[in-house]
Amino acid sequence: NVEILEDLGLTRTEIKVYLVLLELGSSSAGLILEKSSLPNSTVHRDLNSLIEKGVINFILEGKRKIYQATDPEQFFTYIEDKKKKFEEILPELKARQSKNRAEEKASVYKGIRGIKEVYEIMINAQGKEYNTFGGGPVTGEIMGLTWWLNLHRRRVENKLPSRQLFDESVKKIGGSEIARNPLTKIRYVDKDFAQFQETAIVGDYVAIAVFTESPYAFLIRDKHVADSYRKHFELLWRSAKA
17 NVEILEDLGL TRTEIKVYLV LLELGSSSAG LILEKSSLPN STVHRDLNSL
67 IEKGVINFIL EGKRKIYQAT DPEQFFTYIE DKKKKFEEIL PELKARQSKN
117 RAEEKASVYK GIRGIKEVYE IMINAQGKEY NTFGGGPVTG EIMGLTWWLN
167 LHRRRVENKL PSRQLFDESV KKIGGSEIAR NPLTKIRYVD KDFAQFQETA
217 IVGDYVAIAV FTESPYAFLI RDKHVADSYR KHFELLWRSA KA
């Protein structure tokens, strides 16, 4: 899945050069040119860039460079280096952040990445509890059970308790596994309650994630709206069963 490597900051051509070299083990630039079918200037540029990123290295055989890919686990070091560099500029970015940002009441996030971003905001929001209702089997199909389990692992690390309402069909496809987490309570309603959307409430935030072929999510920051949704959640919670 080259998109993962793109997310780490590699270009499409860098990925191609890296994968070719990974398969070759070690090689001169000439063989990489042949196997990758990329222009000469692109290959040499990308080789130098990948060396700077620490994911390939080279040795000299006479005047000729022989390149080889480092252990793929070296990407963890690369990721940590990027994280440290970002942490250095984070205070400046926060200082530049517009004060009007806090006044925004609603935003729309599109795609799976957008939904992931919304849930990250929710589990990191300042609130006493993470409440959700709705959702159904389709949420697992679109996001994957592993992603949901990791989301709740990070929520627990943030010491954010949760109460969640699912329809009964979710119990066998992830609900029971989520319920094994500490700081987690789950109740169920009739399977007819299954929905294409899930509503999450934390603090002053309300997120409504819609899991269709083109998923999207609404994120609302409004104390009055959040309190209203929380009252609705409490009514459903009292009528549900463990």
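Position 30 of the sequence shown, counting from 1, maps to 46 under this note's numbering, and the rest follow consecutively.
We treat Cβ as the ideally placed atom computed from N, Cα and C, and that holds for glycine.
Every value quoted in this text rests on a predicted model; they were computed, and no experiment measured them.
If you draw a 10 Å sphere on the C-beta of residue 75, you find fewer than 16 other C-beta atoms in it, and that means exposed. Where residue 77 is concerned, the enclosing beta strand (DSSP E) starts and stops at 72 to 77. Between residue 204 and residue 171, the gap from beta carbon to beta carbon reaches 9 Å or more. The beta carbons of residue 233 and residue 130 sit closer together than 9 Å.
Taken atom to atom, the span from the alpha-carbon of residue 155 to that of residue 213 is near 8 Å. Under the three-state reduction of DSSP, residue 111 is assigned to helix. For residue 122, the beta-bridge partners assigned by DSSP are 236. With a 10 Å radius around the Cβ and a threshold of 16 neighbouring Cβ atoms, residue 191 comes out buried. Of the candidates 187, 201, 241 and 121, 187 places its Cα closest to the Cα of residue 210. Counted as a single uninterrupted DSSP element, the stretch harbouring residue 192 is not any beta strand (DSSP E) but the alpha helix (DSSP H) occupying residues 191 to 195. When rounded, the separation of the alpha-carbon atoms in residue 56 and residue 183 is 58 Å. Residue range 56 to 69 is occupied by the alpha helix (DSSP H) that includes residue 62. Assignment of residue 42 by DSSP, reduced to helix, strand and coil, places it in the strand class. Taking C-alpha positions only, residue 58 is separated from residue 258 by approximately 59 Å. DSSP places residue 149 in the strand class (E or B) of the three-state scheme. Its Cα nearest to that of residue 125, the residue 225 stands out among 254, 225 and 17. Per DSSP, residue 172 has no beta-bridge partner at all. Considering only 134, 21, 112 and 218, the residue with the shortest C-alpha distance to residue 90 is 21.
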